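Mapping of the sequence shown onto the numbering used here: position 78 corresponds to residue 107, and the numbering continues sequentially without gaps.
Notes follow the structure.
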Amino acid sequence: MSDAKTSQAASDFFRPKSAYQHPVLGPNNAQAQLRMRLSSCISPSPCPISHRLVFLDAVPSLRLETYIRELRTALTRGTCLTLKFTTIGTSISFFSRSFVLAMLPFLSRRSMHGQVTPDVQCHGLPSQFPSRPAFPLLSSLSQVLQLLVSSPTPFSICSVENTSEDYAMLLNDYAHDLGDNPIVRQQFVQRWGMEGWREERLYALWEAAAFNAQFLERWSVTVQK
30 MSDAKTSQAA
40 SDFFRPKSAY
50 QHPVLGPNNA
60 QAQLRMRLSS
70 CISPSPCPIS
80 HRLVFLDAVP
90 SLRLETYIRE
100 LRTALTRGTC
110 LTLKFTTIGT
120 SISFFSRSFV
130 LAMLPFLSRR
140 SMHGQVTPDV
150 QCHGLPSQFP
160 SRPAFPLLSS
170 LSQVLQLLVS
180 SPTPFSICSV
190 ENTSEDYAML
200 LNDYAHDLGD
210 NPIVRQQFVQ
220 RWGMEGWREE
230 RLYALWEAAA
240 FNAQFLERWS
250 VTVQK
């Protein structure tokens, strides 16, 4: 199947609310544009001392409470923290057909590159955990918020923002960059092979369609210690 047909098939399968068309990111400005888009998702910080960015998708659900507790201990008073993570859509029932469709992008991939979310790749941040399937399927926004405010020294919630539309755009741009940017495509194929490249593009387009269909939701929560 051609690249164009693959992209169209993923979009048609989920019947998203609206179609997104974006210019192909060139080899010289791709990372800069992705960083700009990501930074626009973060609400202005009310605290000038320090601001950190954390991605939770790779944190196993059973480790989430401990991980947040360790974050709280490690941060100095007054520090702002933005947590970005994916959850199943609020209207999706556990193990329903829609749940299974939303789960597919989080299956194990040939490339470890695909185990890290595109926004983490864009920021060049190392991940403490090797894979990302558990969190989006088993955790919810309310659970994360409860963990953030349930300790004797709770975080103060500054903002909660649904960034699903922006994240779907990021995934689409990432997939198109893999397909249309010859430098990116060649480097990826050299490392992971053609099968890994096809798999990575398909899953990125599939995940973007799942966000557009509200099978998945992307959140940005800013807190202050």
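Glycine residues also receive a C-beta, built at the ideal position from the N, C-alpha and C atoms.
Please read these numbers as outputs of a predicted model, since none were measured by experiment.
{"Asked": "Whose C-alpha, out of R214, L199, R220 and W221, is nearest the C-alpha of A237?", "Found": "L199"}
{"Asked": "DSSP on T119, reduced to helix/strand/coil?", "Found": "coil"}
{"Asked": "Just grab the DSSP bridge partners of W248 for me.", "Found": "F114 and N191"}
{"Asked": "For L133, count the other beta carbons within 10 Å of its own beta carbon; 16 or more makes it buried, fewer makes it exposed. Which is it?", "Found": "exposed"}
{"Asked": "Tell me the residue span of the beta strand (DSSP E) that contains R227.", "Found": "Where R227 is concerned, there is no enclosing beta strand (DSSP E), although the alpha helix (DSSP H) it sits in stretches over P211 to N241."}
{"Asked": "Compare the C-alpha of T2 against each of D86, R138 and T182 and name the closest.", "Found": "It is not possible to answer for residue 2, since the shown part of the chain is limited to 30 through 254."}
{"Asked": "In whole angstroms, what is the alpha-carbon distance linking L154 and F84?", "Found": "Low per-residue confidence applies at L154: pLDDT is 41, beneath 50, and the placement is therefore not dependable, though the value from the model is reported in the following sentence. Distance between the alpha carbons of L154 and F84 is about 9 Å."}
{"Asked": "Tell me whether R138 sits in a helix, a strand or coil according to DSSP, three-state version.", "Found": "coil"}
{"Asked": "Have a look at the DSSP bridge pairing and note the partners of Q253.", "Found": "C109 and S185"}
{"Asked": "Please go through the same chain and pick out, in chain order, the residues whose beta-carbon is closer than 8 Å to the beta-carbon of S120, but skip the five residues on each side of it.", "Found": "Q243"}
{"Asked": "With respect to the alpha helix (DSSP H) encompassing V173, which residues constitute its N-terminal and C-terminal limits?", "Found": "L170 to V178"}
{"Asked": "Need the endpoints of the beta strand (DSSP E) that G83 sits in, please.", "Found": "Going by the sequence as given, residue 83 is Val instead of Gly. H80 to F84 is the extent of the beta strand (DSSP E) around V83."}
{"Asked": "Span of the alpha helix (DSSP H) holding L93?", "Found": "L93 to A103"}
{"Asked": "Is there contact here, the region 123-137 with the region 89-103, by at least three beta-carbon pairs under 8 Å?", "Found": "no"}
{"Asked": "Can you look up S127 in the DSSP assignment and give me helix, strand or coil?", "Found": "helix"}
{"Asked": "Please name the residue in V178, Q253 and L112 whose C-alpha comes closest to that of C187.", "Found": "Q253"}
{"Asked": "Using only the alpha-carbon positions, how far apart do L170 and T182 sit?", "Found": "20 Å"}
{"Asked": "How big is the Cα-Cα spacing for S185 and V178?", "Found": "7 Å"}
{"Asked": "What separation, rounded to the nearest whole angstrom, lies between the Cα atoms of V250 and L234?", "Found": "25 Å"}
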